[in-house]
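Q:
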Amino acid sequence: MYKAIAANKRNTLLIMAVFVGLIGAIGWVVSSMYGNTSIAYWVIGVALVYALIQYYLAGKLAVAMTGAKEIQKRDNPRFYRIVENLSITLGMPMPKVYIMNDPAPNAFATGRDPQHAIVAATTGLIEIMDDNELEAVMAHEMGHVQNYDIRVSMIAFGLVSAIAILSDIVLRLFIFGDRRDTNPAFMIIGIIAIVLAPIIATIIQLAISRQREYLADASGVMTTRNTEGLINALKKLQRYGQPMKRQNSSTAHLFLNNPLKGGGISKLFSTHPPLEERIKRLQSNAEKF
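Note that our numbering numbers the sequence shown so that position 284 is 770, with each residue one more than the last.
1. Could you check the C-alpha separation between residue 769 and residue 608 for me, to the nearest Å?
2. Measure the CB-CB distance between residue 619 and residue 722 and report whether it falls below 8 Å.
3. Pick out the complete beta strand (DSSP E) segments inside the segment 520 to 606, 3 residues or longer, and give them in chain order.
4. Please report the distance separating the alpha-carbon of residue 639 from that of residue 593.
5. Based on the DSSP output, what are the partners of residue 505 in its beta bridges?
6. Give me the Cα-Cα distance between residue 611 and residue 590, rounded to the nearest whole angstrom.
7. From the DSSP secondary-structure annotation, give me the bridge partner or partners of residue 608.
8. Rounded to whole angstroms, what's the CA-CA distance from residue 555 to residue 586? Just pull it up for me.
9. When you compare each of 740, 713, 730, 734 to residue 764 by their alpha carbons, which one comes out closest?
10. Over the uninterrupted alpha helix (DSSP H) stretch that includes residue 618, give me the two end residues.
11. Does the segment 523 to 530 come close enough to the segment 507 to 514 that 3 or more CB-CB pairs lie under 8 Å?
12. Going by the CB atoms, is the gap between residue 729 and residue 746 shorter than 8 Å?
13. Output the distance between the C-alpha atoms of residue 535 and residue 603, rounded to the nearest integer angstrom.
14. Could you say which of 613, 629, 617, 744 lies nearest to residue 599 if we only look at CA atoms?
15. Leaving out five residues before and five after residue 516 in sequence, what residues of the same chain have Cβ atoms less than 8 Å from its Cβ?
16. Put residue 727 into one of helix, strand or coil per three-state DSSP.
17. Answer yes or no: do residue 631 and residue 595 have a C-beta to C-beta separation smaller than 8 Å?
18. Excluding the five sequence neighbours on either side, which residues of its own chain have a C-beta within less than 7 Å of the C-beta of residue 533, listed in chain order?
19. Could you name the residues of the same chain whose beta carbon sits closer than 8 Å to that of residue 559, not counting the 5 residues immediately before and after it, in chain order?
20. Which residues in the same chain as residue 551 place their Cβ atom closer than 8 Å to its Cβ, once the five residues preceding and following it in sequence are excluded?
21. Run the CB neighbour count on residue 549, radius 10 Å, all protein chains shown included, and call it buried at 16 or more, exposed below.
22. Figure out for me which residue from 557, 710, 703, 684 has the closest Cα to the Cα of residue 576.
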């Protein structure tokens, strides 16, 4: 368990290096188009500044996009106390607690670190879960905070967004720009690189999100020592899960369960591993926990 957490933190640097490499490749394409190598450094710099801004603002943006409202203990004592008790158990700062008015059972955690963390749940989740199940779900979300998944998710989201925007701009330059002096072979290679960059970045983000869901499941069970609680909660998500009223693909990776409508090929590009696979892993490792 602890080895997995340490490995995740080490892999974060490698993942970020891949993202920067993709941005650098886009910069190289633009530099080659205009015969000016300094453009590549500008592209990398602007992309990293954009990602940094996203890193600091993404938590607030996520809350705004989902319509979540901050609560105090008096607003929902049961839910607030569960989060409070988990914070004490883990020895972590108390995160800000939010509730989303939505019948779809779901929850998320965001923020850049444990000192600036936010945890949220829908009214639907709070209503259908008993105390053990709700504690298990929020322990999962606190696991994201504990493992710094929220930081990695924010950085990855910022860099994926930057790559997508840069790719779109450069592709338009290729298509609509006056580049008569550009080698046709280079143009073909450049266009392929620009088209593939956001796809590769998205695949990396999916891999990050899926693996960290498994790790947060394990972290949550380690906190509560109650494997059955999380298994039952995930089974309820299978039974009662539904798309959320306010859907946004840019925040989907933050949630406990996929909040978007989807089926068929969209499952291949889901930020979440299948619920049945998560349940299977928890059941097979119950004795270890």
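Just so you know, even glycine gets a beta-carbon here, dropped at the ideal spot from N, CA and C.
A: Taking the structure as given:
1. 26 Å
2. yes
3. 582 to 586, 593 to 596
4. 15 Å
5. Its beta-bridge partners do not exist; DSSP assigns none.
6. 7 Å
7. 586
8. 6 Å
9. 713
10. 617 to 632
11. yes
12. yes
13. 22 Å
14. 629
15. 525, 526, 529, 656, 659
16. coil
17. yes
18. 509, 648, 652
19. 566, 567, 570
20. 732, 734, 736, 737
21. buried
22. 710
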